[in-house]
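Below is one structure; the comments refer to it alone.
Numbering (full-length UniProt numbering), first residue to last: 1 to 164.
Structure below.
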């Protein structure tokens, strides 16, 4: 019995360890993060306009606007695009399958921090928590936020405003 309980504990640790992904050579564009890790990402200085798009695989408006974000980044070297998935962290394979199917080439992070009420206001005080939503951070650290779907033209206009 003394060996049996630790064996079950060790088995459970190994079993649940497989639920979390970190960037690897095979999957360099996907990682699971918590909110403190996201905050660190927003503080990084890259000299570019950083665009954090909050989305989920089950959100039709999110999926619809994703190509616009990728197109804008492809056209503008001053843009750094990062997709933040709000999908269920217990099923990361849904996100990785989606990334492959949709040929997403920008980094994707699954924000696995289910206590939304603790951190939504830290992203933007006016954010209701609805997605799609986008946080823009200029190279000087000034932030702007948009809640809701955007068209390609609207996104280009927002980015051009940030460059002024």
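Positions of the beta carbon are idealized from the N, C-alpha and C atoms, including for glycine.
query, result
"Secondary structure of residue 246, DSSP reduced to three states", "Here the chain covers residues 1 to 164 and nothing more, so residue 246 does not appear."
"CB of residue 150 within 8 Å of CB of residue 80, strictly", "no"
"Start-to-end residues for the beta strand (DSSP E) that takes in residue 55", "49-55"
"Residues near residue 98 by beta carbon distance below 8 Å, same chain, minus five either side", "57 and 104"
"Every unbroken beta strand (DSSP E) within the UniProt domain \"Thioredoxin\" (21-164), with a cutoff of 3 residues, ordered by chain", "30-33, 49-55, 79-85, 108-111, 133-137 and 143-147"
"Inter-residue Cα distance where the pair is residue 78 and residue 164", "13 Å"
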